[in-house]
Each structure stands twice: as C-alpha cells, then as structure tokens.
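One structure is given here, and the rest of the page talks about it.
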Amino acid sequence: MRSSCSAKSGAMVERNGGPYPLARGDAVALLPKVRARSSGAIRAVLLMLLYPLLILAPLATAAALNPTSDHSRTEEVGIGCAAVGLAILALQFVITARLRWVEAPFGLDVLLVFHRVMALVATAALLVHPVLVTWGEQWPLLTRLRVPWSIWVGRASLTLLLVQVLASLSRRVVRLPYERWRRLHNVLASTILALGYVHILAGSDDAHGGTLVVWSALVALAFGCWLYGLVVRPRLLLRQPFRVTAVTSEAPHVWTLTLKAHAKRPFRFIPGQFQFLRLHGAEVAAEDHPFSIASSPTRSGSISVTIKESGDFTAGIGRVRPGDGATVHGPFGRFSHTLHPGEGKLVFVAAGVGITPFMSMLRYMRDRRESQSVLLVYASRSPADVIFGDELRSIEAGDFPSLRVIHVLSNAPASWLGETGRLDATRLARLSGGVEGRAFYLCCPPPMMAAMVRELRRMGVPPARIHTDQF
Amino acid sequence: MQRFRLMSCYVVLVMAVLACTIEGIATLRAAPGHGSNQADLVLRSKPPRTH
Numbered sequence: 000m001r002s003s004c005s006a007k008s009g010a011m012v013e014r015n016g017g018p019y020p021l022a023r024g025d026a027v028a029l030l031p032k033v034r035a036r037s038s039g040a041i042r043a044v045l046l047m048l049l050y051p052l053l054i055l056a057p058l059a060t061a062a063a064l065n066p067t068s069d070h071s072r073t074e075e076v077g078i079g080c081a082a083v084g085l086a087i088l089a090l091q092f093v094i095t096a097r098l099r100w101v102e103a104p105f106g107l108d109v110l111l112v113f114h115r116v117m118a119l120v121a122t123a124a125l126l127v128h129p130v131l132v133t134w135g136e137q138w139p140l141l142t143r144l145r146v147p148w149s150i151w152v153g154r155a156s157l158t159l160l161l162v163q164v165l166a167s168l169s170r171r172v173v174r175l176p177y178e179r180w181r182r183l184h185n186v187l188a189s190t191i192l193a194l195g196y197v198h199i200l201a202g203s204d205d206a207h208g209g210t211l212v213v214w215s216a217l218v219a220l221a222f223g224c225w226l227y228g229l230v231v232r233p234r235l236l237l238r239q240p241f242r243v244t245a246v247t248s249e250a251p252h253v254w255t256l257t258l259k260a261h262a263k264r265p266f267r268f269i270p271g272q273f274q275f276l277r278l279h280g281a282e283v284a285a286e287d288h289p290f291s292i293a294s295s296p297t298r299s300g301s302i303s304v305t306i307k308e309s310g311d312f313t314a315g316i317g318r319v320r321p322g323d324g325a326t327v328h329g330p331f332g333r334f335s336h337t338l339h340p341g342e343g344k345l346v347f348v349a350a351g352v353g354i355t356p357f358m359s360m361l362r363y364m365r366d367r368r369e370s371q372s373v374l375l376v377y378a379s380r381s382p383a384d385v386i387f388g389d390e391l392r393s394i395e396a397g398d399f400p401s402l403r404v405i406h407v408l409s410n411a412p413a414s415w416l417g418e419t420g421r422l423d424a425t426r427l428a429r430l431s432g433g434v435e436g437r438a439f440y441l442c443c444p445p446p447m448m449a450a451m452v453r454e455l456r457r458m459g460v461p462p463a464r465i466h467t468d469q470f
Numbered sequence: 000m001q002r003f004r005l006m007s008c009y010v011v012l013v014m015a016v017l018a019c020t021i022e023g024i025a026t027l028r029a030a031p032g033h034g035s036n037q038a039d040l041v042l043r044s045k046p047p048r049t050h
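Right under this line is the structure:
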C-alpha cells in the first residue's frame, strides 16, 4: 500500500472498466498509514502496561494505606485473589466496549480471545478467594446458612459467575441461540460486578478512604462503558444513519445489502475490515451483528455487506427493503493486505460467504490498479453456491491485480472439471506451488481454519505470514 | 497469527506479575503470629540487621 499510495484527490481509477474519480474523502482514507501504525504500536504498549496496573490498583492502594492487617498470610493471599479477580472483571467491560482506541492496535478478534482468557483467570482467582479466606478456623463461613448478609452477596456473585462461565463455554453444545446468550451474558456480567462491589463495601476491612475511591472509580468505569455501549452509542450512531439502497440476491440464501452513508459523515475503512450493522426495518431485530465489508473503500459514500442466511437475525435479511434505515459501527479488524506491505505473493483462502473481505481487497486492488500477485482458492459446495463468480472472472481477466482464481467444490456436478473435495493445507500448498515466500489470508469456518493454520505452520510458514478472519 | 501468539505471551506475563504481587503484598501485610503460617513468624522474629 505504501508504494502505491501516491494517489491524490481527483486521481482517476477504473470502475467496472470506466474511469472513476476519487473523492476527497477517498484520498484521506487511502493515504499511507505509516504514522498511524507507529502511533498504534506505542498505544498498544501503553495499554499493555496500563492493564496490569489498573488490575493491581485496588490491592496496591489497600496495601499502601493499610500496610498491616490482622489476617494470616493465607487469608491475605485469598483477599488479594479476590481484589485482582474483581478488578479483571471490571476491566472486561472496557475490553468489550468496542472503543476504537482500545481495539485499533490489537484487532477485535484478539481482544475477544483475551476477554475469554482473562474471564477464566478471574474466575479461578475468585474461586480461590473463599477457600483461602476461610482456611483453618473459618470453614463455617463457607458452609453455614446463618452468616452475615455480605457473605451471601459474595456467594451470589460467585454463583452467577460460575453460571456465566458455564453458559459461555457450553453455548454451542446446548445450542443456546447467540442473541439469547448475549442478552443473558450482559445482564449477568453487570449483576456479578455489582454484587462483587457490594460484597467489598460491606465485607472488606480495606473498603474505606483511598481504596474505596479506587474501587468506585473502577466500577464506575466498567458501568460507564456498559451504559455507553447500551444506550449512548446507539443514539450517537442514529445521528449518522445509513440507508439501504439495494438488496441483491447473490446466491441461494445469500444477499448483498448496499448501504448509503450519511452525506456529512463518510465512512472510512481499509479493505478487509468489518463493522457492526444494526438494521432498523421491521423485518429483522434491531441488534448489532458483525459483518465484513465487501465493497472497496475507493467507492465513496456507500458500503456493501454480503450476508448468508444462517441464524435468527440473518434469516430475515432477504426481506430487508431499500429505504430501510441502518446504523453502522466500525470499522474494526486488522485482516487487510494493506497492513502488511511487502508480503510478495498473496494466497487468499475463502470458504462460502468468507469471500466477502477478499472481495473488498480485490476490488480495492482493481480500483487502485495494484499489480499484486494474488491466488484466490475459493471453496464452495456447488457452482450455484459460488458468490461473486462473474465479478471474480472479470477481475481475473484484467491486469489489476494479477489474480488467479481456483474454485474447489465439495459437491461438484459430473461435468465439473476443476478441483473437487475438501480443501486442506496440503492441497493449498500444491495449488499455490509451495508455501515459500507467500503470505496466507484465511477466512473460513473455525474448524477448517484451525486445521489449515496448524498444517501451514507445520509446513514452515511463519506465524507473521498467516492472517485469519473468523466468521 | 502473530497477534494471537503475542497475546498468549502477554497473558502469561500478566498472570506472573499478578501472582507475584499478590504473594508479595500478602507477605508484607500478614499479621505476625496469626494463622498457621509459621514461616511468617520466623521471618518476622529475626533481629534487625545493624550494618
């Protein structure tokens, strides 16, 4: 991107074979992100340093203000575990608030994995707390019914935390619908934190003075982020509404929505990113759902998202009508070839509707006249399930980028002469002529992705040259 | 994948820092002679160093 980003405002690029003037906003969106990248790295380091400091702030404040206590060392370790565990839970609200300055340096996918891991760390610490605090002579605190009410509040908080973790871990196994789980997750999370805070207020010897201020600030930050995401941000986004201008059928049960941005607020993104879409028509629930952007940022004023009917929300996507309102929150993600200049030959691996971020990148390369060498290996069930087949042929026939498309069909008709069966890393290496000097971009279902990454690593592809986007 | 690997290393580092800090603060704050941890008693009963 750096080398080919000399376009100035008003430069001409191809649009379906014809000239297309870049708008002023486009030039801004396409400028090299060198400074942004370095400042992003600095911000990442600062956030990574800040995170443990914030977790330890209540415990350190309590230790500084009250250097000695009348507890045993075992009890103190238990108290420390609780302080750290609850502080981690409070910061979970910040991590998942989709704040641009927190997300941008890491990517939302990494943040969500981090959120899951730290939730388990916090749960372990909070489970240890009652055991260590009651170690020795205070076991009745664990088992008796007649205990101070603050103990019951702590018990309730811990029980709900266990329910939260078990529901999250077993959601797919018990087939709990995502939307229902998410609502439950939000309610439980805030209840757990509130009960934990009350337990500290009523039951902790240290909950006064500076320590109380630190705890209150941390809890206020958490609830502030929660309320911002729940109430404030949706209202702010409504001030910059998008409008559905077209609903196009791409393949059986696959639809493309074209959304026109608010005239005064152009939507800027880099190819391959995704956004959270909320539709305000009557046909689908007004909930945020993440979708990759399929259009190129070179097309000013509108974006398109291609969605497959696969769940409660997406089942009604074909009934969305032009003119319906929408809000778009984003962009998010770091799955973009523009963030990794100088990678040489690119291998894009898509399965089904996983083609969408690649369409954004390929359309961007075409519009920007980038002569990058790209091999797209595209797995579909049958020829009818291939999305964007005509446009891919058109880009392949052109010179920008230097694209080769190989379709792999799992349910191919007898007349099909191309690749058939399952796409794995061995076949991928054969199709791309080896893995040496190539960068791999994968967007496919999680089991296929995990197997592919494992195999590519085994073949010697460095982690820095494997990029993934899960859907 | 690089980002996920870095995140794993970071999580391990954060956990180590948290564990050490909890342990350190607990050792500093614990009441001498309280509970069953005799190591505390021994450590705290040492005469102060004079040099």
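Line by line, the protein sequences are chains S and Z.
Sequence positions in the first sequence follow numbering that gives the first Met the number 0 and run 0 to 470.
Sequence positions in the second sequence follow numbering that gives the first Met the number 0 and run 0 to 50.
Positions of the beta carbon are idealized from the N, C-alpha and C atoms, including for glycine.
Since this is a predicted model, take the numbers as computed values, not measurements.
Considering L98 of chain S, what are the terminal residues of the beta strand (DSSP E) in which it resides? Stepping through the first sequence from its first residue, residue 98 of chain S is reached at position 99. Segment: none, L98 of chain S is in no beta strand (DSSP E) and carries neither H nor E.
In chain S, which residues lie with their C-beta within 7 Å of the C-beta of V16 of chain Z? Residue 16 of chain Z sits at position 17 when you count from the first residue of the second sequence. The answer, in chain order, is P51.
With DSSP collapsed to three states, give me the class of E22 of chain Z. Locating residue 22 of chain Z in the second sequence gives position 23, where the first residue counts as 1. The answer is helix: DSSP assigns E22 of chain Z an H, G or I state.
Output, in chain order, the set of chain S residues within a Cβ distance shorter than 9 Å of V13 of chain Z. As a first step, residue 13 of chain Z must be located in the second sequence, where it is residue number 14. Those within 9 Å of V13 of chain Z in chain S are M47, Y50, P51, I54, M117 and V120.
Residues in the stretch 399 to 428 of chain S having any Cβ partner in chain Z nearer than 7 Å: none
Does the beta carbon of K32 of chain S come closer than 9 Å to any beta carbon on chain Z? The count along the first sequence starts at 1 and reaches residue 32 of chain S at position 33. A caution first: K32 of chain S carries a pLDDT of 47, below 50, which makes its placement in the model unreliable, though a value can still be read off. Not one chain Z Cβ lies under 9 Å of K32 of chain S.
Grab me the residues of T60 of chain S's own chain with a C-beta within less than 6 Å of its C-beta, minus the 5 sequence neighbours each way, in chain order. Working through the first sequence from its first residue, we reach residue 60 of chain S at position 61. The answer, listed in chain order, is G209, T210 and V213.
Helix, strand or coil at A284 of chain S [DSSP, three-state]: As a working mapping, residue 284 of chain S is identified with position 285 in the first sequence. Coil.
One or two residues paired with E418 of chain S in a DSSP bridge: By 1-based counting over the first sequence, the position of residue 418 of chain S is 419. Answer by DSSP bridge pairing, in chain order: S:V407.
Counting pairs of Cβ atoms below 8 Å between the stretch 282 to 298 of chain S and the stretch 342 to 362 of chain S, do you hit three or more? yes
Would you verify that the beta carbon of R333 of chain S is, or is not, closer than 9 Å to some beta carbon of chain Z? Position 334 of the first sequence, counted from the first residue, corresponds to residue 333 of chain S. By this cut-off, R333 of chain S is an interface position.
Could you confirm whether any beta carbon from chain S is found closer than 9 Å to the beta carbon of Y9 of chain Z? As a working mapping, residue 9 of chain Z is identified with position 10 in the second sequence. Output row for Y9 of chain Z: interface = yes.
If the cut is a Cβ gap below 8 Å, which residues of chain Z does I41 of chain S touch? Stepping through the first sequence from its first residue, residue 41 of chain S is reached at position 42. By Cβ distance, chain Z contributes nothing, its closest Cβ being about 15 Å from I41 of chain S, past 8 Å.
Establish whether the CB of R72 of chain S and some CB of chain Z are separated by less than 9 Å. Taking the first residue of the first sequence as 1, we reach residue 72 of chain S at position 73. Chain Z contact via Cβ: present.
Per DSSP, which one or two residues make a beta bridge with C442 of chain S? Reading the first sequence from its first residue, position 443 is the one you call residue 442 of chain S. S:A349.
Please state the DSSP three-state secondary structure of Q137 of chain S. In the first sequence, residue 137 of chain S corresponds to position 138, counting from 1. Q137 of chain S falls in the coil class under three-state DSSP.
Quick check on DSSP: helix, strand or coil for H328 of chain S? Start at 1 with the first residue of the first sequence, and residue 328 of chain S comes out as number 329. In the structure shown, H328 of chain S sits in a strand (DSSP, three-state: E or B).
Chain Z residues whose Cβ lies nearer than 9 Å to that of L85 of chain S: Locating residue 85 of chain S in the first sequence gives position 86, counting from the first residue. Going along chain Z, no residue has its Cβ under 9 Å from L85 of chain S, so there is no contact; the nearest lies around 13 Å.
Grab me the residues of M447 of chain S's own chain with a C-beta within less than 7 Å of its C-beta, minus the 5 sequence neighbours each way, in chain order. As a first step, residue 447 of chain S is located in the first sequence; it is residue number 448 there, counting from the start. Excluding residues within five positions, the ones whose Cβ falls inside 7 Å are A350.
What residues from chain Z crowd round F113 of chain S, counting only those whose CB sits closer than 9 Å? Position 114 of the first sequence, counted from the first residue, corresponds to residue 113 of chain S. The contacting residues are M6, Y9 and V10.
When we look at the beta-carbon of P11 of chain Z and count the other beta-carbons within 10 Å, is it buried (16 or more) or exposed? Residue numbering aside, residue 11 of chain Z sits at position 12 when the second sequence is read from its first letter. The displayed chain sequence assigns Val, not Pro, to residue 11 of chain Z. V11 of chain Z is exposed by the Cβ-count criterion.
Checking 9 Å against the spacing of the C-beta atoms, do A438 of chain S and R457 of chain S come in under that value? Residue numbering aside, residue 438 of chain S sits at position 439 when the first sequence is read from its first letter. Residue numbering aside, residue 457 of chain S sits at position 458 when the first sequence is read from its first letter. Against a cut-off of 9 Å, the Cβ pair of R457 of chain S and A438 of chain S comes out as no contact.
I need the straight-line Cα distance from V385 of chain S to R232 of chain S, nearest angstrom please. By 1-based counting over the first sequence, the position of residue 385 of chain S is 386. By 1-based counting over the first sequence, the position of residue 232 of chain S is 233. Near 37 Å, if we compare the C-alpha coordinates of R232 of chain S and V385 of chain S.
Can you tell me which of S:L217, S:G432 and S:P382 puts its alpha carbon nearest to the alpha carbon of A413 of chain S? Here residue 413 of chain S is taken as the residue at index 414 of the first sequence, counted from 1. Checked all of S:L217, S:G432 and S:P382; the closest Cα to A413 of chain S is S:P382.
Let's see if you can read the secondary structure: which residues bound the beta strand (DSSP E) around T67 of chain S? On the first sequence, position 68 is the one that residue 67 of chain S refers to. Neither: T67 of chain S is in no beta strand (DSSP E) and is coded neither H nor E.
By Cβ distance, which residues of its chain are closer than 8 Å to Q91 of chain S, with the 5 residues on each side in sequence left out? Against the first sequence, residue 91 of chain S aligns to sequence position 92. Counting only Cβ-Cβ distances below 8 Å, and skipping sequence neighbours, we find H114, M117, A118, A121, A188 and A221.
Excluding sequence positions up to five away, which residues of its chain have a Cβ less than 7 Å from the Cβ of D323 of chain S? Your numbering for residue 323 of chain S matches position 324 in the first sequence. Result list for D323 of chain S: V243, L278, H279 and G280, in chain order.
For chain Z, find out if any of its Cβ atoms is closer than 9 Å to the Cβ of I78 of chain S; answer yes or no. Here residue 78 of chain S corresponds to residue number 79 of the first sequence, with the count starting at 1. At least one chain Z Cβ lies under 9 Å of I78 of chain S.
Using a Cβ-Cβ cut-off of 9 Å, state whether I465 of chain S counts as contacting chain Z. Here the question's residue 465 of chain S lines up with position 466 in the first sequence. Answer yes: the Cβ-Cβ gap between I465 of chain S and chain Z drops below 9 Å somewhere.
Pick helix, strand or coil for S372 of chain S, following the three-state DSSP scheme. Taking the first sequence and counting its residues from 1, one reaches residue 372 of chain S at position 373. Three-state result, S372 of chain S: strand.
Verify the CB distance criterion: does E342 of chain S have a CB-CB separation below 9 Å to chain Z? Position 343 of the first sequence holds residue 342 of chain S. No, its Cβ sits nowhere closer than 9 Å to a Cβ of chain Z.
Helix, strand or coil at L256 of chain S according to DSSP, with G and I counted as helix: For the purposes of this step, residue 256 of chain S is taken as residue 257 along the first sequence, with counting starting at 1. In this structure, L256 of chain S counts as strand in the three-state DSSP scheme.
According to DSSP, simplified to helix, strand and coil, what is Q163 of chain S? Here residue 163 of chain S is taken as the residue at index 164 of the first sequence, counted from 1. Helix at Q163 of chain S.
R97 of chain S vs G228 of chain S beta-carbon contact at 9 Å: Indexing the first sequence from 1 puts residue 97 of chain S at position 98. Indexing the first sequence from 1 puts residue 228 of chain S at position 229. Taking 9 Å as the Cβ cut-off, R97 of chain S and G228 of chain S qualify as a contacting pair.
Close Cβ partners of P444 of chain S (< 7 Å) along its chain, the five nearest in sequence each way excluded: By 1-based counting over the first sequence, the position of residue 444 of chain S is 445. A350.
Rounded straight-line distance, which links the Cα of T467 of chain S to that of I24 of chain Z: Numbered from its first residue, the second sequence carries residue 24 of chain Z at position 25. Numbered from its first residue, the first sequence carries residue 467 of chain S at position 468. Cα to Cα, the separation comes out at about 41 Å.
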